[in-house]
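Undergrad:
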Amino acid sequence: MDKLIIEGGKQLKGEVKIAGAKNAALPLMAACVLAPGETTLRNVPDLADVNTMGRVLENLGLRIGHDGDVMALDATTITSDTAPYELVKTMRASFYALGALVGRLGRAKVSLPGGCAWGPRPVDIHLKGLEALGVKIELEGGYILADGRKMRGARFVLEFPSVGASVNLMLAAAAAKGETILENVAREPEVTALTLMMIAMGVPIEGTGTTTLRIEGGHSLNPVDMRVIPDRIEAGTYLAAAGLAGGDVTLVDVNPEHLSIIIAKSREAGLKITEAKNRIRIQSSGHLKPVDIQTEVFPGFATDMQAQWIALMTGANGSSLIEDTIYNDRFTHVPELIRLGAHIVMRDNVAQVTGPVRLEGAPVMSTDLRASASLVIAGLAARGKTEISRIYHLDRGYERLEEKLSALGARVRRETA
Ligand code: EPU
Numbered sequence: 000m001d002k003l004i005i006e007g008g009k010q011l012k013g014e015v016k017i018a019g020a021k022n023a024a025l026p027l028m029a030a031c032v033l034a035p036g037e038t039t040l041r042n043v044p045d046l047a048d049v050n051t052m053g054r055v056l057e058n059l060g061l062r063i064g065h066d067g068d069v070m071a072l073d074a075t076t077i078t079s080d081t082a083p084y085e086l087v088k089t090m091r092a093s094f095y096a097l098g099a100l101v102g103r104l105g106r107a108k109v110s111l112p113g114g115c116a117w118g119p120r121p122v123d124i125h126l127k128g129l130e131a132l133g134v135k136i137e138l139e140g141g142y143i144l145a146d147g148r149k150m151r152g153a154r155f156v157l158e159f160p161s162v163g164a165s166v167n168l169m170l171a172a173a174a175a176k177g178e179t180i181l182e183n184v185a186r187e188p189e190v191t192a193l194t195l196m197m198i199a200m201g202v203p204i205e206g207t208g209t210t211t212l213r214i215e216g217g218h219s220l221n222p223v224d225m226r227v228i229p230d231r232i233e234a235g236t237y238l239a240a241a242g243l244a245g246g247d248v249t250l251v252d253v254n255p256e257h258l259s260i261i262i263a264k265s266r267e268a269g270l271k272i273t274e275a276k277n278r279i280r281i282q283s284s285g286h287l288k289p290v291d292i293q294t295e296v297f298p299g300f301a302t303d304m305q306a307q308w309i310a311l312m313t314g315a316n317g318s319s320l321i322e323d324t325i326y327n328d329r330f331t332h333v334p335e336l337i338r339l340g341a342h343i344v345m346r347d348n349v350a351q352v353t354g355p356v357r358l359e360g361a362p363v364m365s366t367d368l369r370a371s372a373s374l375v376i377a378g379l380a381a382r383g384k385t386e387i388s389r390i391y392h393l394d395r396g397y398e399r400l401e402e403k404l405s406a407l408g409a410r411v412r413r414e415t416a
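Printed below as a string of structure tokens:
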């Protein structure tokens, strides 16, 4: 298994191009299933999770070609209605095959995703929503069998604005004759990106970017040409890295509007941030102030930035409280950060970080994607050598991480075992 070796203590300087968003590319890829013909997606990041989604779709009969960051997905013929356990267990977003297949074929057999490193992560809202649309759901041998022959437009209120449930219900609603009204839908930019793609495909949708979507289903759909929005979490990760290590870094190809709360909190923490249309410049002296955060659904502070914020706060002069209200248990990075010298005390879903500490390099272990990102941030600022093992987690969501960091002046290399 590959390791990342970081010799920390160097300031970061220069420009870094932010890739297309993993969490937008995945639902956009799934949406290709809805329309016969070839859809083109641009700015697709080169990531393990994108490859996994590609395998899920190829298994359904799609033909997929790549040319750099351009992906062509031909959904002319669908040959299978099944997303197998072997693929779904490696990536929860494979569960988007459920809505996509119901939307295209009116039926699906999709493995239940199961839990993950930080808790059960249920899919009850996805299933209740499909049932509200008239889809018959059965569980057999760990698989969801969905029968959408009697599907029709309906009103459904999501009890929580789940990103995944919003995506699955939108995909299925495309085929439900009549009007579907989804209330309390997620407003994450990645969900809005899907709404815009579905409108371009020929689904009349009102309410883009709001919590209520009115979807007119049952139209025949056409393939489209779409650009994946920039990855706000990759951007936030580089922002936090520059903040803790110190330096002057410009993020290129970003949408600052998607990062407004992170930018506001970073300014409170003492970073100098300059925004332009597609760019964000971060200047950091490395002297930081403590800033509390609480994760919320968009436009609140993203849970996917919680781990990186904890790493940043190890350098702040005083105590900060970081609370995750979306995932109570998403703190597997904390014991690893403590191994690097961080002072963190956990109380339920709140981490109290006290700084500033001078982090010292040590061997640590990746436990999930964003936890790993926080270890990279800490390792870049730490004195000496940090060895991060199990970095396949990082490869799920960060494109060419060591290359991008090296270009900013960091001493980072991958060791292939
Ligand atoms: N929830 C339910 N029932 C459901 C669905 C969700 O109770 O049927 C709960 C979850 O347990 C959780 C909350 O709702 O407490 C939020 O879950 P959500 O469904 O919104 O998350 P997701 O769709 O599974 C996506 C991202 C995650 C990100 C979350 C929250 C993708 C592929 N994944 O997951 O991204 O943390 O939204 O913003 O878009 C990551 O990129 O590292 C990552 C984990």
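Residue numbers (numbering that gives the first Met the number 0): 0 to 416. From the three backbone atoms N, C-alpha and C, an ideal C-beta is built for every residue, glycine too.
Using CA coordinates, which residue listed in 355, 321, 332 and 414 is at the minimum distance from residue 349?
TA: Position 350 of the sequence shown holds residue 349. Considering only alpha carbons, the answer is 321.
Undergrad: Drop a sphere of 10 angstroms on the beta-carbon of residue 66, count the other beta-carbons inside from all chains shown, and report buried for 16 or more, exposed for fewer.
TA: For the purposes of this step, residue 66 is taken as the residue at position 67 of the sequence shown. Classification for residue 66: exposed.
Undergrad: Would you grab the beta carbon distance between residue 190 and residue 162 for me? Rounded to a whole angstrom, and I think it's under 8 Å.
TA: The count along the sequence shown starts at 1 and reaches residue 190 at position 191. The count along the sequence shown starts at 1 and reaches residue 162 at position 163. Residue 190 to residue 162, Cβ: 6 Å. Contact.
Undergrad: Assign residue 109 to one of three DSSP states: helix, strand, or coil.
TA: Residue 109 sits at position 110 when you count from the first residue of the sequence shown. Correct three-state label for residue 109: strand.
Undergrad: Return yes when the C-beta of residue 435 is under 7 Å from any heavy atom of the ligand EPU, and no when it is not.
TA: Limits of the chain in this structure are 0 at one end and 416 at the other, which puts residue 435 out of reach.
Undergrad: Write down the C-beta distance between residue 179 and residue 214 rounded to the nearest angstrom, noting that I regard them as a contact closer than 8 Å.
TA: The residue you call residue 179 lines up with position 180 of the sequence shown. The residue you call residue 214 lines up with position 215 of the sequence shown. About 5 Å separates the Cβ atoms of residue 179 and residue 214, confirming a contact at the 8 Å cut-off.
Undergrad: What do you reckon, is the C-beta of residue 57 under 7 Å from a heavy atom of the ligand SAM?
TA: The ligand SAM is absent from the structure shown, which contains only the ligand EPU.
Undergrad: Could you give the distance in angstroms between the alpha-carbon of residue 331 and the alpha-carbon of residue 366?
TA: As a first step, residue 331 is located in the sequence shown; it is residue number 332 there, counting from the start. As a first step, residue 366 is located in the sequence shown; it is residue number 367 there, counting from the start. Distance between the alpha carbons of residue 331 and residue 366 is about 6 Å.
Undergrad: Which two residues bound the contiguous beta strand (DSSP E) that contains residue 246?
TA: Taking the first residue of the sequence shown as 1, we reach residue 246 at position 247. Counting along the chain, the beta strand (DSSP E) containing residue 246 begins and ends at 246–251.
Undergrad: Here's a check: name, in chain order, each residue in its chain whose Cβ is nearer than 7 Å to the Cβ of residue 235, leaving out the five neighbours to either side.
TA: To locate residue 235, count along the sequence shown from 1; it is residue 236. The residues are 258, 261, 304 and 307.
Undergrad: Evaluate residue 263 with the Cβ neighbour count: other Cβ atoms within 10 Å of its Cβ, from every protein chain shown; 16 or more gives buried, anything less gives exposed.
TA: Numbered from its first residue, the sequence shown carries residue 263 at position 264. Residue 263 should be labelled exposed.
Undergrad: Please tell me whether, using a cut-off of 7 Å, the distance from the CB of residue 295 to the nearest non-hydrogen atom of the ligand EPU is below it.
TA: Reading the sequence shown from its first residue, position 296 is the one you call residue 295. For the ligand EPU, not one heavy atom lies less than 7 Å from the Cβ of residue 295.
Undergrad: Using C-beta distances below 8 Å, list every residue in its chain close to residue 416, excluding the 5 sequence neighbours before and after it, in chain order.
TA: Your numbering for residue 416 matches position 417 in the sequence shown. Excluding positions up to five away in sequence, the list reads 0, 1 and 2.
Undergrad: DSSP three-state call for residue 345: helix, strand or coil?
TA: Looking up residue 345 in the sequence shown gives position 346. Correct three-state label for residue 345: strand.
Undergrad: Output the distance between the C-alpha atoms of residue 56 and residue 353, rounded to the nearest integer angstrom.
TA: Counted from its first residue, the sequence shown places residue 56 at position 57. Counted from its first residue, the sequence shown places residue 353 at position 354. Each residue's alpha carbon lies about 46 Å from the other.
Undergrad: Is the Cβ-Cβ distance between residue 33 and residue 173 less than 8 Å?
TA: For the purposes of this step, residue 33 is taken as residue 34 along the sequence shown, with counting starting at 1. For the purposes of this step, residue 173 is taken as residue 174 along the sequence shown, with counting starting at 1. Cβ distance < 8 Å, so residue 33 and residue 173 count as in contact.
Undergrad: Considering only DSSP beta bridges, list what residue 391 is partnered with.
TA: Position 392 of the sequence shown, counting from 1, holds the residue named residue 391. Looking at the DSSP assignment, residue 391 forms no beta bridge with any residue, so it has no partner.
Undergrad: Mind checking whether the beta-carbon of residue 237 lies closer than 7 Å to any heavy atom of the ligand EPU?
TA: Within the sequence shown, residue 237 is the residue found at index 238, counting from 1. No, the ligand EPU has no heavy atom inside 7 Å of this Cβ.
Undergrad: Are the CB atoms of residue 18 and residue 394 within a distance shorter than 8 Å?
TA: Along the sequence shown, one-based indexing puts residue 394 at 395. Along the sequence shown, one-based indexing puts residue 18 at 19. Contact: no.
Undergrad: Taking the beta strand (DSSP E) that residue 71 falls in, what are its first and last residues?
TA: What you label residue 71 is simply residue 72 of the sequence shown in a count that begins at 1. First-last of the beta strand (DSSP E) with residue 71: 69–73.
Undergrad: Report the three-state DSSP secondary structure of residue 290 (helix, strand or coil).
TA: Sequence index remark: in the sequence shown, residue 290 carries index 291 (1-based). Coil, per DSSP.
Undergrad: Runs of 3 residues minimum, wholly inside the stretch 11–44: which ones carry the beta strand (DSSP E) assignment?
TA: 11–16 and 37–41
Undergrad: Would you list the one or two residues that DSSP bridges to residue 300?
TA: Residue mapping note: residue 300 aligns to position 301 of the sequence shown, counting from 1. Answer is 294, bridged to residue 300.
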